[in-house]
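If you want the working numbering, it's the position in the sequence shown, counting the first as 1, plus 1294. Where a beta carbon is used, it is the ideal one built from N, C-alpha and C, also for glycine. A quick write-up on the structure given underneath.
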Amino acid sequence: MRRDMTMEVPQFAPKIPLVVRDLRPGDDLSFIADEPGLSSKAASERAVQRWLLGSNLPPPAVAIDPDGKVCFMAWMLTAKDNEVIRKRWGDQLPQLKPGEAIIEGPFTAESHRGLRVMHAYNAVLDAARDAGIRYVMGFIAEENVAQLKVAEYGGFVPYIKREHSWFLFRERVRFLPYDEATK
């Protein structure tokens, strides 16, 4: 999915007041803790967030609820992060050009789902546009209907599709224009 940052998009407000800023040392990250009794899906989602935090990525943007707890986080990577992208994801993400960014790892605490918390990320998108970012991309699994809906509400449209193929035990990753990939 991709959003052209020059296009006006209706803004949907979160249902609770939030403060959006970069993650700081000492922030409460209990919403991604490995806890007993989590479903395998929830445990996996939280593990991905901890993996991203342990990466050499720039700090994520976070949304802080009225109780001071982090309830959402996501990373925005730009062309200056291409080396980190390549080291962390290999060919799974495209190399970004100047004026492009990619959102990675958006995650909302289970306790805050349904409160439109992810819409708080509009503040980060607005700042990116003001800093010269023209296009913001995100890769969302086709079965992740909830996140696809949020992206659509946020002005994202299908853009490219990641295609995987294997030959002699080597994976090949291509990024095809969406209309070509759906043929």
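Query: Cα-Cα, which of 1363, 1326, 1448 and 1468 is closest to residue 1401?; Result: 1326
Query: Going by DSSP, name the residue or residues bridged to residue 1374.; Result: DSSP, once it has assigned bridges, lists no residue as partnering residue 1374.
Query: Determine the direct distance from the alpha carbon of residue 1351 to that of residue 1378, and round the result to whole angstroms.; Result: 7 Å
Query: Taking all protein chains shown into account, decide if residue 1421 is buried (16 or more other Cβ within 10 angstroms of its Cβ) or exposed.; Result: exposed
Query: Can you list, in chain order, the residues of its chain whose CB lies under 8 Å from that of residue 1299, leaving out five sequence neighbours each side?; Result: 1419, 1422, 1423, 1427, 1428, 1429 and 1430
Query: Taking the DSSP output, what are the residues bridged to residue 1358?; Result: 1313 and 1364
Query: Leaving aside the five residues before and after residue 1472 along the sequence, list all residues of the same chain whose C-beta is less than 8 Å from its C-beta, in chain order.; Result: 1452, 1453, 1454 and 1455
Query: Pick helix, strand or coil for residue 1419, following the three-state DSSP scheme.; Result: helix
Query: Report all residues from its chain with a CB closer than 8 Å to the CB of residue 1336; omit the five preceding and five following residues, and keep chain order.; Result: 1404
Query: Restricting to Cα atoms, I'd like to know which of 1415, 1321 and 1444 is closest to residue 1364.; Result: 1321
Query: Under a Cβ-count criterion, where at least 16 other Cβ atoms within 10 Å of its own Cβ denotes burial, should residue 1345 be classed as buried or exposed?; Result: exposed
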